[in-house]
Structures are given as C-alpha cells and as structure tokens.
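The block underneath contains the structure these notes are about, expressed in structure tokens.
2 protein chains.
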Amino acid sequence: MDEFKVIEIKRSVFENNDKEADRIRARLKSEKTFLLNLMSSPGAGKTTTLKSTIARLKDDLKIGVMEADIDSDVDAKAISDTGVRSIQLHTGGMCHLDAGMTEQGLDEFGTQDLDLVVLENVGNLVCPAEFDTGSSKNAMILSVPEGDDKPLKYPLMFTISDVVLINKIDTKSVFDFDDDAVVERIHRLNPNAEIFFISAKTGEGVDEWCAWLKAQVQEWNK
Amino acid sequence: MDEFKVIEIKRSVFENNDKEADRIRARLKSEKTFLLNLMSSPGAGKTTTLKSTIARLKDDLKIGVMEADIDSDVDAKAISDTGVRSIQLHTGGMCHLDAGMTEQGLDEFGTQDLDLVVLENVGNLVCPAEFDTGSSKNAMILSVPEGDDKPLKYPLMFTISDVVLINKIDTKSVFDFDDDAVVERIHRLNPNAEIFFISAKTGEGVDEWCAWLKAQVQEWNK
Chain F
36 MDEFKVIEIK RSVFENNDKE ADRIRARLKS EKTFLLNLMS SPGAGKTTTL KSTIARLKDD
96 LKIGVMEADI DSDVDAKAIS DTGVRSIQLH TGGMCHLDAG MTEQGLDEFG TQDLDLVVLE
156 NVGNLVCPAE FDTGSSKNAM ILSVPEGDDK PLKYPLMFTI SDVVLINKID TKSVFDFDDD
216 AVVERIHRLN PNAEIFFISA KTGEGVDEWC AWLKAQVQEW NK
Chain E
36 MDEFKVIEIK RSVFENNDKE ADRIRARLKS EKTFLLNLMS SPGAGKTTTL KSTIARLKDD
96 LKIGVMEADI DSDVDAKAIS DTGVRSIQLH TGGMCHLDAG MTEQGLDEFG TQDLDLVVLE
156 NVGNLVCPAE FDTGSSKNAM ILSVPEGDDK PLKYPLMFTI SDVVLINKID TKSVFDFDDD
216 AVVERIHRLN PNAEIFFISA KTGEGVDEWC AWLKAQVQEW NK
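Going down the list, the protein sequences come from chains F and E.
Mapping of the first sequence onto my numbering: position 43 corresponds to residue 78, and the numbering continues sequentially without gaps.
Mapping of the second sequence onto my numbering: position 182 corresponds to residue 217, and the numbering continues sequentially without gaps.
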C-alpha cells in the first residue's frame, strides 16, 4: 500500500535537549497521546515486534508509527501493511533522534487523534540512549542472538529503558543465552526495569508485553 | 589470565580525520604492521570470530588485538585467553573510534613487533563507518539473525568495508535469510567487497576467510 510520507529530518536547533524533551512530553500529555521510544541493535526485531504488537492492540488503541532510519523505507512499508498510519523519518546520517528531531516528526505526522505513537529509533545501542526524545516511556529490545552480555557493554541503554523485551526466544536452542544472568545484569543497572521474554515471530510472551503497554497508555491518557 | 591494560581514550584533537588516518596508515606500512578495523552490530560475533581467526593464524603471524568498548573488559579478557596480546580501549561514551583515538591505542599498545593488529570497533553500524581509523582494511560482520535487509538500512557501512563476513550461518534453520539477496545488496553498494559466509562457532568457512586475511597481511607487509 505504501501510504506513508518520507520526511528528511533536520539537525536539531535546540541547545538544551532535556528541556525540549520535557516540553514535548507535557504537550503529548495534554493531547492524551502516549509516545513510546523503541530502541535496539540493528536486526533485534523492532519492526516485527511492532507488527505483532499492533495486531493485538489496534482494535483498542489508535496507533501511529514513526520509523526513523538513516536510509530506506522498508520499515515504514512493513508497518503500513498492518493498516495503521506510519511515517518514515530519514535522519540524514545521524545515529539517533533527539527531542527536536522527534518533534519535527510529530508535527509532520499529526498525532492529536492518536492514543499511542511508537517512535522506532535508529538501530543502535549507543547514541539513542544519550538523547531524551520526549517519550512517555523508553523501551528496548535485546534479541537472544546478541548475547546475554550486552548490559555489561551498553549499560546506559539498559539504565534508561523502562522496559526491556528479550526477543527471539524461539531461537534459544541454537544460542547460549542465560536468562537469569541477563535479568540480574539488567536489574543491577536498573532495578525498576520491566522485562518480558518474547518471540515476536511465534507470539510467545507478546500478550503479556501488550497488556503492560496498554495499561501504560491508559494511565498516561486518562 | 587477564594480562591486558585498560586505556581511557581521550577525544581526538585532530581536525582533519582523513589526513590523520593517512598518516597512521603510512606509519603502519613502514613498520610492516597491518591494521584491520573490525566492525559490526552489537552481538554479531566480532569477538568469537576473532578467537577462531586467531586460533588459525597465530602460528603464522604475530597478532595483537585492541578491543574498543564504551565500558567493560569482557572482550579483552576473552582475547587474552587465546594467548595473543590484547588491550582494552574505553571510548568514554563515544560510539566509534576516529584516527586520533586509534593512534592513542596503537601508541599505548606498542605495535612495532606485530604483523597484524585487529581493532575491534564499538558495536554499531552507523558511526564507525563515518571515521577512517587509519586501518589497512575495513572488515564488517553481518550475522544471519540481523537479517538480509541490513545493507538497505546501513549503506555506508557496507560501502566502506573491504570484506563482509556473514556470520552465524549455523543458525539458518531458525531464520529467514536470503544469501543471494544479501550478496546482491552488498555488491550493488560496493562491487569490490569480498564476502565470506562463516560460522565462527562451528568453524565453517573460517579457513577461507583466514586465507584471504593472511594474504592481505603478507601483501601489506612485504
């Protein structure tokens, strides 16, 4: 269907990113729109997880998706096929979105009628963790093939994420991955992090994650 | 054994990274030391690939490894266990190494007696592609679980890599991954890229990759 715009995002003009992020959050709160900032490594399954999340929540919530990428529009195409509104943001080589860039996307997209906007950030465990986008909550996906040592190597990402989805649990038979170790490592950095073990492909665990997300959106928008 | 130093790398002072990179390359050429810049997403298998490469080449070449990470020293520990010299570089939050940062590592490490130095760059498909480190060759690893669409999303990384290792081919049974499509996408960006399909875990394809690397090192150092 390919019914989405492609926006070339400009470098942000705001010097104080945190202040700008707080301003965006306040605006979204008043408009009753929940913004989820979704982060992960390349290929951890952001788009597949989103598709299976949308399938479960789209009858209950008005959902829109902003896909950020250096290049290409394959993700916006995939999301557009689910029937929810999507937009593709091109970052012009930037490895993350900051608050100002996120706001350009929100303004172009038009989010007033939406309950839940998902910002699929650039695939990267470093830079996106350093910039508050103005999101209501930060989510990250760690996939089983990446290994259970990632909280040790990318601590900031795990520290700033409100929820961590451990994805691709259907592939555990071919990888060494220690569930207890990864939970312990995440909670040592971030004791309040919610953790869900899921397979976006088979659907295992996705209902639990969606129930949590729906409750967060309803709490925010009430 | 843990016989390695941990170095806190400082932000580079050089304004012209390309010029600095060329200077490093000339110095390494004259010292008959080949520098391989190894890049990938987090968890694509850089360290495991290095370990299986070292096992095959360490009797023929004097090898050293510089491990760059935001934090932690788990990779330098793993390499140290192979018996080759290693050093851990901490980037202070930076998502890549540039030429000046690489040179700080080389100077601390002492590379004059080495035939091959591998710089394991920060796990990231965006920023490391933007900075010439002064390496003799750039290598990147794309792992099967990440998906065959990554050349579309991170084109610069595939454009600047002299060789692409497609790793974790032992896990193909649980992933959809189109070999022909990924080769076509890489060669469209970079017609001269060498591509090897490997499993660092089982050893499949690693001999071919090592033969190529050894030939490159011998050509550089002759």
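Cβ atoms here follow ideal geometry from the backbone N, Cα and C, with glycine treated the same way.
Residue-level contact by beta carbon fails for Glu-43(F) and chain E, as no gap is shorter than 8 Å. Of Ser-178(F), Val-218(F) and Leu-191(F), the smallest CA-CA separation from Phe-210(E) is found for Ser-178(F). Taking a Cβ-Cβ cut-off of 8 Å, the neighbours of Val-109(F) in chain E comprise Asp-184, Leu-187 and Lys-188, given in sequence order.
With distances taken between CA atoms, Glu-254(E) lies nearest to Leu-96(E) out of Met-136(E), Leu-96(E), Met-192(E) and Arg-58(E).
Assignment of Lys-172(E) by DSSP, reduced to helix, strand and coil, places it in the strand class. Secondary structure of Leu-160(F) (DSSP, three-state): coil. For Leu-151(F), the CB contacts under 6 Å within the same chain, skipping 5 residues up- and downstream, are Phe-69, Leu-96, Ile-98 and Val-252 in chain order.
Residues of chain E with a Cβ closer than 8 Å to the Cβ of Ile-105(F) are, in chain order, Val-161, Lys-188, Tyr-189, Pro-190 and Leu-191. Contacts with chain F at 8 Å (Cβ-Cβ) do not include Pro-226(E). One finds Cys-130, Asn-159, Val-161 and Cys-162 in chain F with Cβ atoms closer than 8 Å to the Cβ of Cys-130(E), taken in chain order. A straight-line Cα-Cα distance of about 28 Å links Pro-77(F) and Ser-115(E).
The Cβ of Asp-205(E) sits closer than 8 Å to at least one Cβ of chain F. Between Ser-196(E) and chain F, the shortest Cβ-Cβ separation is not below 8 Å.
Contact with chain E is absent for Gly-238(F), since none of that chain's Cβ atoms lies less than 8 Å from the residue's Cβ.
When 8 Å is used as the limit between beta carbons, Gly-140(E) is near no residue of chain F, the shortest such separation being about 18 Å. Note that the C-beta distance between Leu-85(F) and Glu-155(F) is below 8 Å. In this structure, DSSP gives Gly-140(F) a helical state, which the three-state scheme calls helix.
In this structure Val-41(E) is exposed. Its beta-carbon is surrounded by fewer than 16 other beta-carbon atoms within 10 angstroms. Non-local C-beta neighbours of Lys-67(F) in its own chain, meaning closer than 6 Å and more than five positions away in sequence, comprise Asn-256, ordered along the chain.
Counting along the chain, Leu-224(E) sits inside no beta strand (DSSP E); it lies in the alpha helix (DSSP H) bounded by residues 214-224.
With contacts defined as CB atoms closer than 8 Å, Asp-215(E) and Ser-234(E) fail to qualify as a contacting pair. Between Asn-52(F) and Ala-134(F), the beta carbon gap of about 5 Å places them in contact (Cβ cut-off 8 Å). Using a 10 angstroms sphere on the CB of Gly-118(F), the tally of other CB atoms stays under 16, which defines it as exposed. Among the residues facing chain E, Glu-181(F) is included, as its CB has a counterpart in that chain under 8 Å away. In the DSSP assignment, Gln-123(F) falls within the unbroken beta strand (DSSP E) covering 120-125. The alpha-carbon of Glu-50(F) is positioned some 32 Å away from that of Leu-187(E). Assignment of beta-bridge partners to Gly-99(E) by DSSP yields Arg-120(E) and Val-152(E). Around Gly-127(E), no beta-carbon contact reaches into chain F at under 9 Å, the shortest distance being about 12 Å.
Under the DSSP assignment, Asn-72(E) falls in the beta strand (DSSP E) whose first and last residues are 69-75. Between His-125(F) and Asp-148(F), the CB-CB gap reaches or exceeds 8 Å. By the neighbour-count definition (other C-beta atoms within 10 Å, threshold 16), Lys-54(E) is an exposed residue. In the DSSP assignment, Asn-202(E) falls within the beta strand (DSSP E) that extends over 198-202. For the pair of segments examined, the region 189-201 of chain E was found to touch the region 221-231 of chain E: the number of CB pairs separated by less than 8 Å reaches three. Listed in chain order, the positions of the region 73-88 of chain F with a beta carbon within less than 7 Å of a beta carbon of chain E are Ser-76, Pro-77 and Gly-78.
Chain-order list of chain E residues neighbouring Val-209(F): Asp-205, Thr-206, Ser-208 and Val-209, by C-beta distance under 8 Å.
For Gly-169(E), the closest alpha carbon among the candidates Ala-90(E), Arg-58(E), Lys-45(E) and Ala-111(E) is that of Arg-58(E).
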